[in-house]
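J.:
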Amino acid sequence: MDDNIPKPSSILGLGNPLLDVIASCDGEFLKKYDLLPNNAILASEKHANLCQDIIDNFPVQYLAGGAVQNTMRVAQWFYSKPKICTYFGCIGLDDYGRQMKEKAQEDQVNAIYLIDPKVPTGTCACLITNNGKCRSLCAYLGASQNYSINHIHENIDLVEKAQIFYVSGFHMIVSLEATLFLAKHSHKFYSESLLQILPYVDLLFGNETEAEAFSKLQDWKTADLEVIAQKIADWKHFRPRIVVLTHGKNNIVVAYSNSPDRMQSFPVPQMSDDEIVDTNGAGDSFVGGFLAYRLMNRSMPECIEAGTYAAQEIIKQSGCVGHPLLDLIVSVDQNFLDKHNLKPNDAILGTKNHSNILNELIAKEKSLIYVPGGSIQNSIRVSQWFHKQPKVSTMIGCVGNDRFGRQLIECLRNENVNHLLSIDEKSSTGICACLINKQNRSLISFLGASIQFRLEHLIENQSILEQAKIIYTSGFFLISNPRSTYFLANIANSNTDCNFKRISSTKSSSMIDDDCVEKRLFAFNLSAPYIVKNHWPSIKELLPSIDLLFGNIDELQTIGEIILDRNDSIGTLSIDEIKTIVQRLADFESKNRSRTVIITQGPEDILVAFSNRPESFRRFAVPIVDENEIIDTNASGDAFVGGFLSQRILEKSIDQCIEAGIYAAQQILRCSGCDLTIENKFGI
2 MDDNIPKPSS ILGLGNPLLD VIASCDGEFL KKYDLLPNNA ILASEKHANL CQDIIDNFPV
62 QYLAGGAVQN TMRVAQWFYS KPKICTYFGC IGLDDYGRQM KEKAQEDQVN AIYLIDPKVP
122 TGTCACLITN NGKCRSLCAY LGASQNYSIN HIHENIDLVE KAQIFYVSGF HMIVSLEATL
182 FLAKHSHKFY SESLLQILPY VDLLFGNETE AEAFSKLQDW KTADLEVIAQ KIADWKHFRP
242 RIVVLTHGKN NIVVAYSNSP DRMQSFPVPQ MSDDEIVDTN GAGDSFVGGF LAYRLMNRSM
302 PECIEAGTYA AQEIIKQSGC VGHPLLDLIV SVDQNFLDKH NLKPNDAILG TKNHSNILNE
362 LIAKEKSLIY VPGGSIQNSI RVSQWFHKQP KVSTMIGCVG NDRFGRQLIE CLRNENVNHL
422 LSIDEKSSTG ICACLINKQN RSLISFLGAS IQFRLEHLIE NQSILEQAKI IYTSGFFLIS
482 NPRSTYFLAN IANSNTDCNF KRISSTKSSS MIDDDCVEKR LFAFNLSAPY IVKNHWPSIK
542 ELLPSIDLLF GNIDELQTIG EIILDRNDSI GTLSIDEIKT IVQRLADFES KNRSRTVIIT
602 QGPEDILVAF SNRPESFRRF AVPIVDENEI IDTNASGDAF VGGFLSQRIL EKSIDQCIEA
662 GIYAAQQILR CSGCDLTIEN KFGI
């Protein structure tokens with residue numbers, strides 16, 4: 002066996018699993034549930050039957066979704082060996098939960114879900130209209146919000162195996178205790194203060210909007226993505242920290258703490274608009290690709306390439322939104338959208354008003370396409386996609402005890418993704434109905450069991466967490482499950498016997514040199530601008546624990562607004578301000594850990610800032626993708642992370658990680674949804 006192949010459960014993600022229910026539909030169906038094209042909402046009472054309606058009336062695709070789960074799926078996607086990535090989350094004891102488990106298993110992610118028998122699995126209805134150009138998302142969080150720290154203790158063996166922990170800001174809000182546990186486990190540092198979790202973060206991911214919001218909250222008075230990345234990398238870190246900020250089509254920014262090479266910028270390959278089908282999971286996929294390569298000790302450029310590749314592959318497919326979700330993808334006509342008051346290219350959370358949609362879609366079982374969805378799950382799937390060895394990546398989350406949950410698990414199994422999905426008996430599996438109508442997509446997410454994740458599930462699987470080299474989660478999981486997020490950070494930071502490899506730049510490449518390769522990394526994705534804006538204090542608490550920070554330019558700009566205390570348009574941020582923010586993220590309390598901040602900017606350069614390094618900032622160019630090749634951009638970010646992580650777990654250089662991330666992202670861009678059936682040239 003190749004010594005470079007990471008061990009199972011080397012990357013551990015903790016998030017909110019949603020079952021994406023993806024389908025193509027018409028405008029009538031959207032109207033039936035008051036959905037708009039290209040809009041995303043949380044499900045209300047009227048969306049109660051949305052996923053079933055989708056399943057009854059359209060061909061559906063299920064995906065194990067949720068930001069962190071997407072990233073784990075993408076990271077696993079990079080490995081031939083299954084269950085390199087492990088995912089924790091909470092799902093219901095229902096069919097949606099079953100679907101989620103199956104999808105995660107198909108992706109070879111080790112998804113270990115906490116099961117809440119009282120709450121349905123979280124879902125995200127992804128309704129695609131206008132010939133695939135519009136998406137309407139309706140998310141029902143369900144069981145994904147009920148994660149318990151006990152699940153971590155029950156799986157402590159997995160926690161101990163992990164070398165990288167990835168948690169989102171959203172999950173920290175949902176399960177703070179679990180997040181804190183992981184942070185303490187990674188650093189062996191105990192604190193009751195929420196803000197003290199941030200020094201444990203070794204890898205921090207976000208986008209430009211989140212980074213800018215971070216900057217504004219810190220009153221850094223800069224919107225420079227690179228500056229923010231470096232500041233975050235240097236901010237209160239116990240170990241060297243890496244902050245990775247994405248910026249849509251623009252360069253990805255990576256900042257390092259305590260490093261001479263403190264900032265890097267990586268260009269993002271350009272893609273044709275026609276290739277893009279769904280962009281919802283792009284950020285998660287980016288993290289998944291990044292982490293997949295990071296685990297292999299690949300260089301930063303390689304991690305970025307993997308993340309970008311994963312992200313761009315994902316956006317070519319129907320995307321993944323929220324927690325571990327099963328995407329139900331189906332084509333519908335305009336009448337279907339109109340019937341349910343859904344708009345083309347809209348994404349909403351399902352409510353009771355959408356309760357009939359799923360029923361209608363389920364009636365069209367034969368035409369449904371099931372794909373595991375959700376940000377983290379997509380990244381995990383993509384990370385596994387890079388590895389021939391099964392179960393390199395593990396997905397942890399929560400699904401319901403239903404057919405959707407079984408379908409999700411089956412999908413993950415087919416993709417060789419290891420899964421530790423808890424079952425929530427009371428909630429339905431989170432699903433995302435993806436209704437496709439010509440070039441438009443309408444997404445309706447029913448989070449269900451995905452938001453019922455319990456910290457107990459992490460505790461139960463702590464041994465798996467401890468086997469992971471990378472633990473990855475997102476801001477969405479942070480705010481929905483803060484206890485679980487802290488638990489993950491603790492697990493990731495508990496191994497302090499050696500320092501991570503630091504990246505040194507040469508004219509030809511960037512290599513990682515280190516005395517030890519067994520140290521766990523805590524990777525985090527900023528998730529969304531609104532997460533950064535509304536939950537900055539919680540993210541700031543977690544930041545010192547983050548080793549790899551992923552984000553995009555929108556998220557970075559939000560951080561910049563907060564740090565700089567600006568009220569003007571985020572679009573006014575200068576290049577210098579962006580660089581400043583990225584670097585500040587990398588440097589933020591990064592005393593004893595090396596943090597890397599990676600910011601993607603779509604087709605523009607990827608910005609990377611390093612903490613504690615002389616060469617602290619770098620830019621990575623992104624290859625141009627013909628607009629005609631782009632089908633779906635929603636999951637490209639998830640794919641990028643998955644590609645990055647697939648190489649990072651192999652201790653590849655930053656250049657190699659970035660390369661894998663870009664590769665994953667751009668492959669996903671050319672597909673509908675986070676479909677990993679395409680061949681991966683990186684196959685490890």
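Residue numbers (this note's numbering): 2 to 685. All C-beta atoms in this analysis are idealised placements derived from N, C-alpha and C, irrespective of residue type, glycine included.
Taking Cβ positions, are L466 and L159 nearer each other than 8 Å?
T.: Yes, the Cβ-Cβ distance between L466 and L159 is below 8 Å.
J.: Just verifying my parser: in three-state terms, what is the DSSP assignment at H458?
T.: The answer is helix: DSSP assigns H458 an H, G or I state.
J.: In this structure, how does DSSP classify D639 when only helix, strand and coil are distinguished?
T.: D639: helix per DSSP, three-state reduction.
J.: With distance defined between alpha-carbon atoms, name the residue in K119, M73 and I349 nearest to S443.
T.: It is I349.
J.: Since E562 and A214 should fall inside the 8 Å C-beta cutoff, what is the C-beta to C-beta distance between them, to a whole number of angstroms?
T.: Right, the Cβ-Cβ distance comes to about 6 Å (below 8 Å), so this counts as a contact.
J.: By alpha-carbon positions, which one of D203, I229, I23 and H238 ends up nearest to A140?
T.: The shortest C-alpha separation from A140 is found at I23.
J.: Below 8 Å, can you find three or more Cβ-Cβ pairs linking the region 593-609 to the region 240-254?
T.: As far as the Cβ criterion goes, the region 593-609 touches the region 240-254, which means the pair count is three or higher.
J.: Counting beta carbon pairs with one atom in the region 638-650 and one in the region 364-379, are three or more of them shorter than 8 Å?
T.: The region 364-379 vs the region 638-650: in contact.
J.: Closest to S149 by CA distance: which of E542, F551, Y664 and S485 is it?
T.: Nearest of E542, F551, Y664 and S485 to S149, Cα basis: S485.
J.: Per DSSP, what are the beta-bridge partners of A76 in this structure?
T.: Beta-bridge pairing links A76 to no other residue.
J.: Give me whichever residues DSSP pairs with G90 in a beta bridge.
T.: In DSSP, G90 forms a bridge with Y114 and G398.
J.: With which residues is D235 paired in a DSSP beta bridge?
T.: Per DSSP, F589.
J.: Taking DSSP as the reference, what is the three-state secondary structure of L677?
T.: Reduced to three states, the DSSP call for L677 is coil.
J.: Alpha carbon to alpha carbon, how far is T124 from V228?
T.: So the two alpha carbons sit approximately 37 Å from each other.
J.: I'd like the span of the alpha helix (DSSP H) that includes R671, first residue to last.
T.: Segment: none, R671 is in no alpha helix (DSSP H) and carries neither H nor E.
J.: Report the rounded CA-to-CA distance for N462 versus K162, giving the unit in angstroms.
T.: Their Cα atoms are separated by approximately 10 Å.
J.: Taking only runs of the beta strand (DSSP E) that begin and end inside the region 31-59, which ones reach a length of at least 3 residues, in chain order?
T.: Listed in chain order, the complete beta strand (DSSP E) runs (minimum 3 residues) inside the region 31-59 are 40-43.
J.: From Q231 to P241, what does the alpha carbon distance come to, in whole angstroms?
T.: Those two C-alpha atoms are separated by around 12 Å.
J.: Short of 6 Å in beta carbon distance, which residues of its chain neighbour D95, apart from the five on each side in sequence? Order them along the chain.
T.: For D95, where only same-chain residues beyond five positions count, the Cβ hits under 6 Å are P121, T122, G401, N402, D403, G406, S429 and T430.
J.: Nearest-angstrom Cα distance between N336 and N629?
T.: Between N336 and N629, the C-alpha separation is close to 28 Å.
J.: Assuming P270 and V609 make a contact with CB atoms under 8 Å, what is their CB distance in whole Å?
T.: That belief does not hold up - the Cβ atoms of P270 and V609 are roughly 16 Å apart, past 8 Å.
J.: Indicate whether A112 and L489 have their beta-carbon atoms separated by less than 8 Å.
T.: No, Cβ-Cβ distance for A112 and L489 is not below 8 Å.
J.: According to DSSP, is P302 helix, strand or coil?
T.: Residue state, collapsed to three classes: helix.
J.: Name, in chain order, the residues that DSSP records as bridge partners for P121.
T.: DSSP, once it has assigned bridges, lists S428 as partnering P121.
J.: Taking the alpha-carbon of F611 as reference, which of A105, Q667 and R596 has the nearest alpha-carbon?
T.: The residue with the shortest Cα to Cα distance from F611 is R596.
J.: Can you give, in chain order, each stretch of the alpha helix (DSSP H) that sits fully within the region 321-367 and has at least 4 residues?
T.: With a minimum length of 4 residues, the continuous alpha helix (DSSP H) runs that stay inside the region 321-367 are 335-340 and 358-361.
J.: Which term fits D220, buried or exposed, when burial requires 16 or more other beta carbons within 10 angstroms of its beta carbon?
T.: Classification of D220: exposed, given that the 10 Å Cβ count is below 16.
J.: Which of the three DSSP states is assigned to M297 in this structure?
T.: Note: M297 maps to strand in three-state DSSP.
J.: Nearest by alpha-carbon distance to V598: which of L544, V533 and G28 is it?
T.: Closest by alpha carbon: L544.
J.: Would you kindly work out how many angstroms separate the C-alpha atoms of A83 and D588, rounded to a whole number?
T.: Reading off the sequence shown, one finds Pro at residue 83, where the question assumed Ala. Computed Cα separation, rounded: 34 Å.
J.: Find the nearest neighbour of S10 within the set I471, G662 and R585, judged by alpha-carbon distance.
T.: For the residues I471, G662 and R585, the minimum Cα distance to S10 belongs to I471.
J.: What are the boundary residues of the alpha helix (DSSP H) that D21 is part of?
T.: Counting along the chain, D21 falls outside any alpha helix (DSSP H), though it belongs to the beta strand (DSSP E) covering L19 to S25.
J.: Are at least three pairs of beta-carbons, each pair with one atom in the region 353-373 and one in the region 86-93, less than 8 Å apart?
T.: Segments in contact, no.
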